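Listed in order, the protein sequences are those of chains A and B. Residues in the first sequence are numbered from 988 upward in steps of one, following my numbering. Residues in the second sequence are numbered from 5 upward in steps of one, following my numbering. Where is the CB? At the ideal position from N, CA and C, for every residue including glycine. If you're wondering where the values come from, they're calculated on a predicted model, not measured in any experiment.
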Amino acid sequence: MGFEWLFKYPRQAFAQGDLAFAGDFGVLWWGAAVVLVGLSIAFGHRLARFTLARRATIHLLQIAAVALVLTLLAQPVLQVTRLAPGANTVAVLVDSSESMALPAGSTNGETRLAVAKRLVGDDIHAASQDSHIAVFQFSDALAKADTVADLHADGVRSRLLESVVDVATHYDQGALAAVIVLTDGVHNGGSLGWDALTETGVPVHAVGIGPREIPGDVELAELVLPSRASPNTQIAARLLIRQSLNRATGEIRLRVLDGESVLASESLVLDSTASTIAKEIVFPSGAPGLKELTVALDTPSGDPLPDNNRKSLLLDVAHERHRVLYLEGEPRWEFKFLRRAVDEDDDIQLVTWLRTTPRKTYRQGTSDPDELASGFPDSLEALYRYDMVIIGSLPATSLNDEQHEWLARFVAERGGGLLAIAGRHALDNGGWDVKPLAQALPVAIARPPTISSYTRGNYAAHPTDAGLRSVLTDVGGPGSRERNWETLPMLADYQHLGAPKVGATVILEALGGVVRRGADVVVRGSAGKPLLVTQPYGYGRTGVLATASTWRWRMRTPPEDSRHSLFWRQLIRQFAGAALPRRRLSVAGEDDVLTVRVALKNPLYEPLTDTAIAARVTSPDGESFDVALPRIPGEPVFGETIPATTPGIYRVEVAGLSGPAATSEGARPDSLAALARVGETNLEQFGAALNETLLRRLAEATGGAYWQPDDLSGLGNALAFSQAGIHEQQQMPLWNAPFLYLLLMALKCVEWSLRQYWGGI
Amino acid sequence: MGMTARFLLVAGTALLAGPMVAQEIDYTDENGIVLDRNELWLTRIQYDSMGGPRQAYYFYDGRWWERWETDFPQAEQNFAKRLNELTSVVASPVPLQRRLTDPHLGDSPLIFMSDVGYMELSKLETDALRTYLANGGFLWVDDFWGDAEWASLERAMSEVLPGKRWITLPIEHPIFHTVFDIEEMPQIPARDYARWGRGTTEPSFEHRSPTGSMKTPSIRAYTDDDGRLMVIATHNTDIADGWERESYGEWYFENFSTKSYRVGINVIVYALSH
Chain A
988 MGFEWLFKYP RQAFAQGDLA FAGDFGVLWW GAAVVLVGLS IAFGHRLARF TLARRATIHL
1048 LQIAAVALVL TLLAQPVLQV TRLAPGANTV AVLVDSSESM ALPAGSTNGE TRLAVAKRLV
1108 GDDIHAASQD SHIAVFQFSD ALAKADTVAD LHADGVRSRL LESVVDVATH YDQGALAAVI
1168 VLTDGVHNGG SLGWDALTET GVPVHAVGIG PREIPGDVEL AELVLPSRAS PNTQIAARLL
1228 IRQSLNRATG EIRLRVLDGE SVLASESLVL DSTASTIAKE IVFPSGAPGL KELTVALDTP
1288 SGDPLPDNNR KSLLLDVAHE RHRVLYLEGE PRWEFKFLRR AVDEDDDIQL VTWLRTTPRK
1348 TYRQGTSDPD ELASGFPDSL EALYRYDMVI IGSLPATSLN DEQHEWLARF VAERGGGLLA
1408 IAGRHALDNG GWDVKPLAQA LPVAIARPPT ISSYTRGNYA AHPTDAGLRS VLTDVGGPGS
1468 RERNWETLPM LADYQHLGAP KVGATVILEA LGGVVRRGAD VVVRGSAGKP LLVTQPYGYG
1528 RTGVLATAST WRWRMRTPPE DSRHSLFWRQ LIRQFAGAAL PRRRLSVAGE DDVLTVRVAL
1588 KNPLYEPLTD TAIAARVTSP DGESFDVALP RIPGEPVFGE TIPATTPGIY RVEVAGLSGP
1648 AATSEGARPD SLAALARVGE TNLEQFGAAL NETLLRRLAE ATGGAYWQPD DLSGLGNALA
1708 FSQAGIHEQQ QMPLWNAPFL YLLLMALKCV EWSLRQYWGG I
Chain B
5 MGMTARFLLV AGTALLAGPM VAQEIDYTDE NGIVLDRNEL WLTRIQYDSM GGPRQAYYFY
65 DGRWWERWET DFPQAEQNFA KRLNELTSVV ASPVPLQRRL TDPHLGDSPL IFMSDVGYME
125 LSKLETDALR TYLANGGFLW VDDFWGDAEW ASLERAMSEV LPGKRWITLP IEHPIFHTVF
185 DIEEMPQIPA RDYARWGRGT TEPSFEHRSP TGSMKTPSIR AYTDDDGRLM VIATHNTDIA
245 DGWERESYGE WYFENFSTKS YRVGINVIVY ALSH
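This is how it looks when you write it as structure tokens:
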């Protein structure tokens, strides 16, 4: 027994309509009321033997029955506004993108588009009743569809929300009562525009077609790569792998490809109970040049959508020289071998300041005779010219209070990297625990009351779980990453640190009680102590390395072993490379536009906003044009959104930065350049399962409803009482609704039953 | 157990344990104090020499000396003390002696050889020194005079680094200026030949023939492919004697020991920073 049988009309009518009475309350009605009330009183004395409470109950039931009869005599009606027949249009949007050619998941093997066509010709036609139907197809663009039968699932992109908003806003061939969209919910084009959607006032009914999950599918859902990298460095690609649940477990291979050459490869077994798996793979950047790198998942046969197993991104490999200042308080082997480790790296300019005697210092790697001539940089601007600072075994008293404050600001405001290395005069031993920099370090340091925190002994460097996922621990070598660390020579010292701070990451631990015999490792059992800890701080990054004997990794391994050098080069590149540049150009290619942003800072890293800049854009077909880059209102950046209709790689160059935005180093060019790709391929193969969440949200945001394709029985009423379109007023009689008579009978039955039960009719 | 015996035992044990990576050991001095492997350890290389008396070994000061142990360990002990006093370098007061084949040679990125006029290196030693230098180790050869002794070193080193050419470092080279500005390479004679008015060149009968002229002291060097010094040879001078004999008289200290320390400190700081 359904709602509509009981009440004669659908829920939408009651939700929207108002109750009223069609009859008049004239003599006849009043007469009937008097008679009914009189009869009730006349027979009232027969209730005298009941208690007061029971009498009251019987009276209430009688009054309710009388009132119901009087209501029926007044001819109750439902006053509704419903679509005026023949005056409205229902827009039907059929998704014609490539993903609609995939199976709908039904037993008969229909494609999603076939289901949509069937629904349009059958259920939706019936549901639209007296409204006109206007059919559109959408994928990369929105278009009127003259005949549904001619639709093909060949669109390379799905602009779902933009298409809905477009129809709801601009349809001018009649009054639009509702939009019905038949889609799998794959949305990969344009911005979401939820506000624009709700502002249209047109309810959207979404019919979701397709399976919620594609059995057996493994997909490379996301790939994140830096857009630029230095040559011959290790780069981490971050991936998100999505798979259908309970997929048969099997080994898959992950590869990073530059054309045909494999840059990195590793196998993994996916946990079949997890729908998404985050993964990182490290590969060498190689020689300078623009590269289109592909990350591919090689899955066992049976993957229904093999095209969603790979993604490609652009990587611009170019030299970018990082300036690193190393302050060291004593000539020691760690100093020498750190210098040697980065000597061959053209992208690192290591400037060192070494205290050789209590009154003498020795400078190396300086750009000019005046650099560091008076010791520590003599101004904040001079300090800010470095991308990273390394502090060795240097007493804090070597710097004055102002210089200590500059160091903290160097990290927090300039966005530089800072690494503190263990030593007799390092960290708390050097009195750094009471200086501003202590706040920025990733571990608590506190001076022990009597003993030195810098100790001697055998320690093995061991990557933590987080460390194994970090580029910092990828030091090469013949074995697995863990094995490459196990076979490194022992460290000979350790500086005890306090607890890592919230937000800090322990990359390496120092294990005591370790014995090495040949390549075998015997661990006697010792809790790991933090050895290399890093954390972001302000705009920059800080780290502490609690040893000064990594030089043994160089001296106690064969000459061809490059792990020591790679460790330091990675560490410095990661810290210095993450430092904020004074000039930054970012270009993002999306759909058919390029979004260009330029941020400029003065030598003190304060934003520059009062200059005029322009970009030269070169399209894939070689055409160049200039675009002014105005300041973005409310933001300290310049930028523009530039149409880019030709798919391919665009080059954007911002020149003329030799004015206020020039760098003081002089070595950097007065222009910035970046590349971006417009127009991705295989978009429709990604996220190809039914996106029911998006469709429900779409319907709820507009006052429509989400529908399953096999149950559209309520769609007709939903359309009839739509809030949009041209309406007419209707009075729908309720006097003959079965519910009212059933209620009257129920009242009298309850009354009769109670009287019978209480002992007297 | 004396230090020499302990190190021989350690070296022997390590060789038995495995040829690739030796078992790590703690180094302790005779008082049981753990020595810091990060400190600068002045390390004397023990080598074999050809010939008999007055060639491979000589009698002096009441005992027979092998060539490699000339001035050892007093020179290193005095030098370590002065390094700690005059510079920011932290040097271990206990010098080491090692053979080139010692599996723990890598703990000493700077090694010192003296009196190499009759030196003979085995194939194993030659290979070990080549590896040591390729890893970034630094070799200082001192106290050899004249042409024949130079030829002895040149022959041995040509086996270690075939094709390398010796260069004579000009006084403008950074090694003469890292801490002290040295304007002239000093000639330091053994204390027995340092007398007022006699000159500074040792007599030729004390050295291997033919000596040729021994008047001009110099630093000759091998550099690596990046121009960094790998091996230096202080020829026609005995820098370490200036350290060893610092307490043998005020005149010797002022005229020779101070110059020896200036050269020594510059070399050490150079080795620790390049």
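Cα-Cα separation, Arg1319/A to Ser277/B: Rounded to the nearest whole angstrom, the CA to CA distance from Arg1319/A to Ser277/B is 8 Å.
The region 1311-1340 of chain A: positions lying closer than 8 Å to chain B by Cβ: Within the region 1311-1340 of chain A, the residues whose Cβ lies closer than 8 Å to some Cβ of chain B are Gly1316, Glu1317, Pro1318, Arg1319, Trp1320, Glu1321, Phe1322, Lys1323, Phe1324, Arg1326, Arg1327, Asp1330, Glu1331 and Thr1339, listed in chain order.
Own chain partners of Val273/B with C-beta closer than 8 Å, once the 5 adjacent residues on each side are dropped: Setting aside the 5 residues that flank it on each side, Val273/B is surrounded in the same chain by Thr91, Val93, Thr182 and Val183, each with a C-beta closer than 8 Å to its C-beta; the list follows chain order.
Boundaries (first-last residue) of the alpha helix (DSSP H) holding Ser162/B: Note, Ser162/B: alpha helix (DSSP H), Gly150 to Val164.
Interfacial residues, the region 1338-1366 of chain A to chain B, with Cβ spacing under 9 Å: Flagged, chain order: Thr1339, Leu1341, Arg1342, Thr1343, Thr1344, Pro1345, Lys1347, Tyr1349 and Gln1351.
Contact with chain A by Leu20/B, beta-carbon distance below 8 Å: Because Leu20/B sits at a pLDDT of 34, beneath the cut-off of 50, its placement in the model cannot be relied upon, and the following sentence gives the value as read from the coordinates. Put simply, the CB of Leu20/B is far from chain A, with every gap to its CB atoms at 8 Å or more.
Within chain A, partners of Asn82/B - CB distance below 9 Å: Within chain A, no residue comes near Asn82/B; the closest Cβ sits about 18 Å away, beyond 9 Å.
Chain A within 8 Å of Pro190/B, Cβ atoms only: No, its Cβ sits nowhere closer than 8 Å to a Cβ of chain A.
Selected residue, minimal CA-CA separation from Ala1425/A, among Asp1332/A, Pro1517/A, Thr1348/A and Tyr1524/A: Of Asp1332/A, Pro1517/A, Thr1348/A and Tyr1524/A, the residue nearest in Cα terms is Tyr1524/A.
Those residues which DSSP pairs with Ser126/B across a bridge: DSSP output for Ser126/B lists no bridge partner at all.
Cβ contact (3+ pairs, closer than 8 Å) linking the region 1067-1084 of chain A and the region 1166-1176 of chain A: As far as the Cβ criterion goes, the region 1067-1084 of chain A touches the region 1166-1176 of chain A, which means the pair count is three or higher.
Reduced DSSP secondary structure (H/G/I, E/B, other) of His1192/A: In the structure shown, His1192/A sits in a strand (DSSP, three-state: E or B).
Proximity test, Cβ basis, 8 Å: Ala138/B and chain A: Judged by the 8 Å Cβ criterion, Ala138/B is in contact with chain A.
C-alpha gap between Ile1627/A and Leu1616/A, whole angstroms: Correcting the residue identity first, residue 1627/A is Glu in this sequence and not Ile. Taking the straight line joining both Cα atoms gives about 6 Å.
Beta-carbon proximity list for Asp1415/A, same chain, < 8 Å, skipping 5 on both sides: Result list for Asp1415/A: Ile1432, Ala1433, Arg1434, Pro1435 and Ser1440, in chain order.
Reference His1309/A, options Pro1218/A, Pro1291/A and Ile1636/A, closest by Cα: Looking at Pro1218/A, Pro1291/A and Ile1636/A, the one whose alpha-carbon comes closest to that of His1309/A is Pro1218/A.
Within chain B, the residues that Arg1543/A reaches when beta carbons sit closer than 7 Å: Correct list: Gly110.
Within 8 Å of chain A by C-beta, residues of the region 88-112 of chain B in sequence order: Those would be Leu90, Thr91, Ser92, Val93, Val94, Gly110 and Asp111, in chain order.
8 Å Cβ cutoff, Ser277/B in contact with chain A: Closer than 8 Å: yes.
Coil, strand or helix - Ile175/B by DSSP: Three-state DSSP puts Ile175/B in coil, outside helix and strand.
Leu1257/A, DSSP secondary structure in three states: Note: Leu1257/A maps to coil in three-state DSSP.
Whole-angstrom C-beta distance between Asn1295/A and Ala1283/A, which should lie under 8 Å: Ala1283/A to Asn1295/A, Cβ: 11 Å. No contact.
Chain B contacts from the region 1563-1597 of chain A (Cβ-Cβ distance under 8 Å): Residues of the region 1563-1597 of chain A with a Cβ closer than 8 Å to any Cβ of chain B: none.
Option nearest Ser1299/A by Cα separation, candidates Asn1669/A, Gln1718/A, Arg1683/A and Asp1117/A: Nearest C-alpha to Ser1299/A: Asn1669/A.
Anticipated Cβ contact below 8 Å, Arg224/B with Ala244/B, distance rounded: The beta-carbon distance between Arg224/B and Ala244/B, rounded to whole angstroms, is 17 Å. This is too long to meet the 8 Å contact definition.
Beta-bridge partners of Met1375/A, as assigned by DSSP: Checking the DSSP bridge columns, you'll see Met1375/A partnered with Val1311/A and Gly1404/A.
Nearest neighbour of Asp196/B, chosen from Asp65/B, Gln101/B, Arg232/B and Gly268/B [CA to CA]: Distances from the CA of Asp196/B to each of Asp65/B, Gln101/B, Arg232/B and Gly268/B were compared; the closest alpha carbon is that of Asp65/B.
Neighbouring residues, chain A, relative to Gly141/B (Cβ below 9 Å): Taking a Cβ-Cβ threshold of 9 Å, the residues of chain A close to Gly141/B are Met1542, in chain order.
CB contact check: Pro1465/A to chain B, cutoff 8 Å: Not an interface residue.
Listed by chain order, chain A residues near Asp230/B by CB distance under 7 Å: Neighbours of Asp230/B across chain A, judged by C-beta separation under 7 Å: Asp1330.
C-beta neighbour in chain B for Arg1539/A, strict 8 Å: By this cut-off, Arg1539/A is an interface position.
Alpha helix (DSSP H) segment containing Trp1745/A, residue limits: Where Trp1745/A is concerned, the enclosing alpha helix (DSSP H) stretches over Pro1725 to Trp1745.
Near-chain A residues of the region 171-182 of chain B - C-beta to any C-beta below 8 Å: Listed by position, the residues of the region 171-182 of chain B near chain A (Cβ gap below 8 Å) are Thr182.
Pairwise C-alpha distance: Glu1473/A and Ser53/B: Their backbone Cα atoms lie some 40 Å apart in a straight line.
Interface flag, Asp185/B vs chain A, CB-CB below 8 Å: Residue contact with chain A for Asp185/B: absent (no Cβ-Cβ distance below 8 Å to any residue of chain A).
Pick from Gln1003/A, Ala1140/A, His1112/A and Ser1115/A that is closest to Phe1125/A, judged by C-alpha positions: Nearest of Gln1003/A, Ala1140/A, His1112/A and Ser1115/A to Phe1125/A, Cα basis: Ala1140/A.
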